[in-house]
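To start, the structure itself, in structure tokens.
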Amino acid sequence: MEPPAPRAAPDAALLRSLRAWCEAGAWPALTLPLAAASIAPHGGLEGAAGELDGSHALARLGRWRGLAWRLQLLLRERAPGHRPRPADPWDCGWWRDGALAAATAFRPRRPTLLLVREASAAAAPALLAALQAQQAHYARPLRVLQVSAAPVPGWPRL
Numbered sequence: 001m002e003p004p005a006p007r008a009a010p011d012a013a014l015l016r017s018l019r020a021w022c023e024a025g026a027w028p029a030l031t032l033p034l035a036a037a038s039i040a041p042h043g044g045l046e047g048a049a050g051e052l053d054g055s056h057a058l059a060r061l062g063r064w065r066g067l068a069w070r071l072q073l074l075l076r077e078r079a080p081g082h083r084p085r086p087a088d089p090w091d092c093g094w095w096r097d098g099a100l101a102a103a104t105a106f107r108p109r110r111p112t113l114l115l116v117r118e119a120s121a122a123a124a125p126a127l128l129a130a131l132q133a134q135q136a137h138y139a140r141p142l143r144v145l146q147v148s149a150a151p152v153p154g155w156p157r158l
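So for the sequence shown, my numbering puts the first residue at 1; every next one is plus one.
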């Protein structure tokens, strides 16, 4: 994954919609390990992803408090029996074209939002099929969001 570009504060409505979709079936118990949807290109999408993955919070904390926060998250995630909480940051990033072998081997280490660029739309069905084949092994939610001007047939539209 390629991290989202740092952006200004996200559009509040977009962030609420994205968070609600990502969290559906993720808490209190993981009932939906994998979900896919499409969304129209939106200038605030990377900002929303940056808020969801904690990048904006990290920037607000500063260097030392941010480092302490990250270490606290890592220690909590590695604790036996740890379950993610809605307030925990997600892994967010753009899918890199041609990474189908990586998609087959992928297991989310924390709740994950995988963004797929519009230019990669033709590869999205193969990517989703590779991820679906492995979803029974996911202990954390994975959400795939295809950015495309036109809706993707069979995928919900955000």
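Note that CB positions come from ideal geometry on N, CA and C, so glycine has one too.
For residue i, the first and last residue of its enclosing beta strand (DSSP E)
i: residue 114; result: 112-116
i: residue 145; result: 142-147
Extent of the continuous alpha helix (DSSP H) run through residue i
i: residue 55; result: 55-61
i: residue 158; result: Taken as a continuous stretch (DSSP letters only), residue 158 belongs to no alpha helix (DSSP H), as it is neither H nor E.
i: residue 136; result: Counting along the chain, residue 136 falls outside any alpha helix (DSSP H), and DSSP gives it neither H nor E.
i: residue 103; result: 100-105
Under 8 Å between C-beta atoms of residue i and residue j
i: residue 158; j: residue 114; result: no
i: residue 46; j: residue 15; result: no
i: residue 97; j: residue 112; result: no
i: residue 4; j: residue 49; result: yes
i: residue 73; j: residue 135; result: no
i: residue 11; j: residue 54; result: no
i: residue 38; j: residue 152; result: yes
i: residue 118; j: residue 99; result: no
i: residue 144; j: residue 131; result: yes
i: residue 146; j: residue 122; result: no
i: residue 86; j: residue 27; result: yes
For residue j and residue i, believed in contact at Cβ under 8 Å, the rounded distance
i: residue 128; j: residue 36; result: 5 Å
i: residue 88; j: residue 110; result: 7 Å
i: residue 133; j: residue 104; result: 7 Å
i: residue 155; j: residue 1; result: Incorrect: roughly 20 Å between the Cβ atoms, too far for contact.
Would you call the segment 57-67 and the segment 22-40 touching, i.e. three or more CB-CB distances under 8 Å?
no
If we require 3 or more residues per run, which beta strand (DSSP E) segments fall completely within the segment 22-93?
34-39
Under 8 Å: do the segment 118-135 and the segment 77-85 share three or more Cβ pairs, one atom per stretch?
no
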